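Data first, discussion second: the structure below is written as structure tokens.
Number of protein chains: 2
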Amino acid sequence: MGESNNFFKSAFSVDNVIFGFDDGDLKVLLIKRGTAPFKGKWALPGDLVYPNEDLDNAAARVLLELTGLKNVYLEQVHTFGAVDRHPLGRVITIAYYSLVKIANFELTPSSWASKAKWHSISEVGDLGFDHNEILNACFNRLKQRVKSRPVGFELLPKKFTLTELQHLYEAVLEIELDKRNFRKKILSMNLLKDLNETQENVAHRPARLYSFDKVKYERLVAEGYNFAL
Amino acid sequence: MGESNNFFKSAFSVDNVIFGFDDGDLKVLLIKRGTAPFKGKWALPGDLVYPNEDLDNAAARVLLELTGLKNVYLEQVHTFGAVDRHPLGRVITIAYYSLVKIANFELTPSSWASKAKWHSISEVGDLGFDHNEILNACFNRLKQRVKSRPVGFELLPKKFTLTELQHLYEAVLEIELDKRNFRKKILSMNLLKDLNETQENVAHRPARLYSFDKVKYERLVAEGYNFAL
DNA sequence: TAGCTTATTGTAAAAATTACAGAAATATTG
DNA sequence: CAATATTTCTGTAATTTTTACAATAAGCTA
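So the protein lines, in turn, are chains A and B.
Residues in the first sequence are numbered from 3 upward in steps of one, following the numbering used here.
Residues in the second sequence are numbered from 3 upward in steps of one, following the numbering used here.
Here it is in structure tokens:
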């Protein structure tokens, strides 16, 4: 960007790291850019913020346009504003992440994307812009959050088994957990409803299904409760 | 703000919550605004981000102009972008906080401030803009940070007593700590250097002085160490 | 019904946290 | 200089939390 007597163009955008969990793996939804800059490269979904749109709304809109989903967990993480981060001018971007139940929708790539695809977090390559850095910041925030808030459930279907829940934590935290200790701890919180149902169509002993008791959690929070894994 | 055919003005700013610790109390540095909007009201120090200035630089500049201090702990917290948060147009602001050793400087209020003053965190009144919300977000982040990183030392002089350190934690966390357990825990980290010096000019048994061993801390972090109070 | 696969459960050892009080060091005062 | 006032400094036992670890149960398939 030039000197002070150049006309100064500035804008703000949001980028949204959309996380999903499938097949024991943490995934992130990337788009293949259909327009310059970085045409043909994978990148995070994002858009400029409209003149009278709040930031959270803009991030939710990006998600809605791509997935059709509303009322999804969304958290602002960090704002990236290096002077030269965008090749076309000064664009600072506010990074968000979302947690979606991956089975709940069909992908509907929008105008700025020629293609959208889930990528395993461990297999994300070189992204356009500073998006690797943004992805990293969001992944780190998620790791932290998952230990101090019951957000992991946002990535699972309503009904889930304890093994699925454990695998989710293992995928997000990138560590292995002891099965018995994990179950002991999570059940001792009394935040899971035992649905008295079991898995169907599995070729082995079917596991019990549980759901997260959000109402109870919020009651406890009001009394000062702190979720901690 | 008006409809889409109005000319749209947008800008970004940084606001910096400058924390200090003095007299057993957590303080925040506020300015009395000398110009509209909110002229005469207390507010956070902040400024527009220059066209070719990175965000962290802008926040550091605000601090430098007000205090003359460089190389200060600075952390980005959150970006506030409600459409109507600024009465003169769309201004989104990136909030930072800084931790300064309060005795180290003289206040030199700059152009946008007619007056700067330390306020006890518990006695901050109604601020201009959305600055109460910003202050809150930064205070909450500090509370969290102080438990997981050794940032508390940024608020203390190089040499400090264990009692001072404890009072700092109590002020930030807004809880009381047990003296013996606090000392046991902090000393067991082996991150404090016992300086073999004691306080002078106190009307009672003088306490030993310690300093934080940053070099050792960074060595440990490289090996995977995690500070936790 | 035998074999396969995954689910489910408990206990003992180790580590961390909590609660709690009295003696020691220095300055001040009479 | 002795008595007093103030704050520093230190240890232990009880409790709670965390960790390590493996055998049996349940349902499916062949």
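C-beta atoms are modelled at their ideal positions from N, C-alpha and C, and glycine is treated no differently.
Since the model is a prediction, treat every value here as computed from it, not as a measurement.
Checklist entry - What residues from chain A crowd round alanine 84 of chain B, counting only those whose CB sits closer than 7 Å? => result In the second sequence, residue 84 of chain B corresponds to position 82, counting from 1. Result: Asp56.
Next on the checklist: Less than 9 Å between CB atoms is the rule here; does serine 100 of chain A satisfy it with respect to chain B?
Outcome noted: For the purposes of this step, residue 100 of chain A is taken as the residue at position 98 of the first sequence. Not one chain B Cβ lies under 9 Å of serine 100 of chain A.
Checklist entry - In chain A, which residues lie with their C-beta within 7 Å of the C-beta of histidine 133 of chain B? => result Locating residue 133 of chain B in the second sequence gives position 131, where the first residue counts as 1. Chain A residues near histidine 133 of chain B: none, gap ~17 Å exceeds 7 Å.
Next on the checklist: Within a Cβ cutoff of 7 Å, which residues of the same chain sit near lysine 145 of chain A, ignoring the five residues on either side of it in sequence?
Outcome noted: The count along the first sequence starts at 1 and reaches residue 145 of chain A at position 143. Once the five neighbours on either side are set aside, the close Cβ partners of lysine 145 of chain A are Val174 and Leu175.
Next on the checklist: Considering just the uninterrupted stretch of the alpha helix (DSSP H) at alanine 38 of chain A, what are its terminal residues?
Outcome noted: Taking the first residue of the first sequence as 1, we reach residue 38 of chain A at position 36. No alpha helix (DSSP H) holds alanine 38 of chain A; DSSP gives it neither H nor E.
Checklist entry - Considering only C-alpha positions, which residue in the set A/Phe214, A/Leu71, A/His133 and A/Ala105 is nearest to glycine 48 of chain A? => result Here the question's residue 48 of chain A lines up with position 46 in the first sequence. Cα-wise, what sits closest to glycine 48 of chain A is A/His133.
Next on the checklist: I'd like the list of long-range same chain contacts for histidine 80 of chain B, defined as Cβ closer than 6 Å, with 5 residues on each side in sequence excluded.
Outcome noted: Here residue 80 of chain B corresponds to residue number 78 of the second sequence, with the count starting at 1. For histidine 80 of chain B, where only same-chain residues beyond five positions count, the Cβ hits under 6 Å are Ala97 and Ala139.
Checklist entry - For the region 9-31 of chain B, which residues have a CB atom closer than 9 Å to at least one CB atom of chain A, in sequence order? => result Phe10, Ser12, Ala13 and Phe14
Item to check | Beta-carbon proximity list for asparagine 198 of chain B, same chain, < 7 Å, skipping 5 on both sides | outcome: Locating residue 198 of chain B in the second sequence gives position 196, where the first residue counts as 1. Nothing meets the Cβ criterion.
Item to check | Whole runs of the beta strand (DSSP E) within the region 10-91 of chain A, excluding any shorter than 3 residues | outcome: 12-24, 27-35, 48-50 and 75-82
Next on the checklist: I'd like the list of long-range same chain contacts for alanine 105 of chain B, defined as Cβ closer than 8 Å, with 5 residues on each side in sequence excluded.
Outcome noted: Indexing the second sequence from 1 puts residue 105 of chain B at position 103. Once the five neighbours on either side are set aside, the close Cβ partners of alanine 105 of chain B are Asp24 and Pro159.
Checklist entry - Assuming alanine 118 of chain B contacts leucine 65 of chain B under a Cβ cut-off of 8 Å, what Cβ separation, rounded to an integer in Å, is found between them? => result As a first step, residue 118 of chain B must be located in the second sequence, where it is residue number 116. As a first step, residue 65 of chain B must be located in the second sequence, where it is residue number 63. Not quite, the Cβ-Cβ distance comes to about 12 Å (not below 8 Å), so this is no contact.
Next on the checklist: To the nearest angstrom, how far is the alpha carbon of valine 153 of chain B from that of lysine 181 of chain B?
Outcome noted: Your numbering for residue 153 of chain B matches position 151 in the second sequence. Your numbering for residue 181 of chain B matches position 179 in the second sequence. Looking at the two C-alpha atoms, the distance is approximately 20 Å.
Next on the checklist: Does leucine 170 of chain A come out as helix, strand or coil in the three-state DSSP assignment?
Outcome noted: Here residue 170 of chain A refers to the residue found at position 168 of the first sequence. Residue state, collapsed to three classes: helix.
Checklist entry - How about isoleucine 94 of chain B: is its C-beta nearer than 9 Å to some C-beta of chain A? => result If you number the second sequence from 1, residue 94 of chain B lands on position 92. Yes, isoleucine 94 of chain B counts as interfacial toward chain A.
Checklist entry - Run through DSSP, which three-state label would glutamate 202 of chain B get? => result By one-based count along the second sequence, residue 202 of chain B stands at place 200. In the structure shown, glutamate 202 of chain B sits in coil (DSSP, three-state: anything other than H, G, I, E or B).
Checklist entry - Rounded to whole angstroms, how far is the Cβ of leucine 211 of chain A from the Cβ of arginine 185 of chain A, which I believe are closer than 8 Å? => result Here residue 211 of chain A refers to the residue found at position 209 when the first sequence is read from its first residue. Here residue 185 of chain A refers to the residue found at position 183 when the first sequence is read from its first residue. The pair is not a contact, with the Cβ atoms about 14 Å apart (cut-off 8 Å).
Item to check | Under the three-state DSSP convention, the category serine 6 of chain A falls into | outcome: Residue 6 of chain A sits at position 4 when you count from the first residue of the first sequence. Here serine 6 of chain A scores only 33 on pLDDT, less than 50, and its place in the model is too uncertain to base an answer on.
Item to check | Residues bridged to valine 93 of chain B [DSSP beta-bridge criterion] | outcome: Locating residue 93 of chain B in the second sequence gives position 91, where the first residue counts as 1. Per DSSP, B/Ala13.
Checklist entry - With DSSP run on the structure shown, which of helix, strand or coil describes alanine 209 of chain A? => result Position 207 of the first sequence, counting from 1, holds the residue named residue 209 of chain A. Of the three classes helix, strand and coil, the one that applies to alanine 209 of chain A here is coil, per DSSP.
Checklist entry - Listed in chain order, which residues of the region 66-83 of chain B have Cβ atoms closer than 7 Å to some Cβ of chain A? => result Gln78, His80, Thr81 and Gly83
Item to check | chain A contact for valine 51 of chain B (CB, 9 Å cutoff) | outcome: Along the second sequence, one-based indexing puts residue 51 of chain B at 49. Yes, contact with chain A.
Checklist entry - Among A/Phe229, A/Lys103 and A/Ser124, which one has its Cα closest to the Cα of serine 190 of chain A? => result Locating residue 190 of chain A in the first sequence gives position 188, counting from the first residue. Checked all of A/Phe229, A/Lys103 and A/Ser124; the closest Cα to serine 190 of chain A is A/Phe229.
Checklist entry - According to the neighbour-count rule (16 or more other Cβ atoms, all chains shown, within 10 Å of its Cβ), is leucine 50 of chain B buried or exposed? => result Counted from its first residue, the second sequence places residue 50 of chain B at position 48. Exposed, by the Cβ-count rule.
Item to check | Rounded separation between glutamate 135 of chain A and threonine 95 of chain B - CA only | outcome: The residue given as residue 135 of chain A occupies position 133 in the first sequence. The residue given as residue 95 of chain B occupies position 93 in the second sequence. Each residue's alpha carbon lies about 21 Å from the other.
Checklist entry - Hey, how far is the Cα of isoleucine 188 of chain B from the Cα of phenylalanine 214 of chain B? => result On the second sequence, position 186 is the one that residue 188 of chain B refers to. On the second sequence, position 212 is the one that residue 214 of chain B refers to. Approximately 11 Å between the Cα atoms of the pair.
Item to check | C-alpha gap between arginine 147 of chain A and tyrosine 219 of chain A, whole angstroms | outcome: Taking the first sequence and counting its residues from 1, the one referred to as residue 147 of chain A is at position 145. Taking the first sequence and counting its residues from 1, the one referred to as residue 219 of chain A is at position 217. So the alpha carbons of these two residues sit roughly 16 Å apart.
Item to check | Alpha-carbon to alpha-carbon, glycine 26 of chain A and leucine 170 of chain A | outcome: Position 168 of the first sequence holds residue 170 of chain A. Position 24 of the first sequence holds residue 26 of chain A. Looking at the two C-alpha atoms, the distance is approximately 7 Å.
Checklist entry - Around the Cβ of asparagine 73 of chain B, are there at least 16 other Cβ atoms within 10 angstroms (buried) or fewer (exposed)? => result Taking the second sequence and counting its residues from 1, one reaches residue 73 of chain B at position 71. Classification for asparagine 73 of chain B: exposed.
Item to check | When B/Ala205, B/Gly130, B/Leu157 and B/Asn203 are compared against threonine 37 of chain B, the one with the closest alpha-carbon | outcome: Here residue 37 of chain B refers to the residue found at position 35 when the second sequence is read from its first residue. When only C-alpha atoms are compared, the closest one is B/Gly130.
Item to check | serine 150 of chain A, enclosing alpha helix (DSSP H) - first and last residue | outcome: Numbered from 1 along the first sequence, position 148 holds the residue referred to as residue 150 of chain A. Unbroken alpha helix (DSSP H) run through serine 150 of chain A: 133-150.
Item to check | Closest Cα partner of aspartate 196 of chain B within the set B/Lys161, B/Gly226 and B/Arg207 | outcome: On the second sequence, position 194 is the one that residue 196 of chain B refers to. For the residues B/Lys161, B/Gly226 and B/Arg207, the minimum Cα distance to aspartate 196 of chain B belongs to B/Lys161.
Item to check | Nearest-angstrom beta carbon gap, histidine 121 of chain A and lysine 34 of chain A [assumed within contact, 8 Å] | outcome: Looking up residue 34 of chain A in the first sequence gives position 32. Looking up residue 121 of chain A in the first sequence gives position 119. With 8 Å as the limit, lysine 34 of chain A and histidine 121 of chain A do not qualify as a contact, their Cβ atoms being about 11 Å apart.
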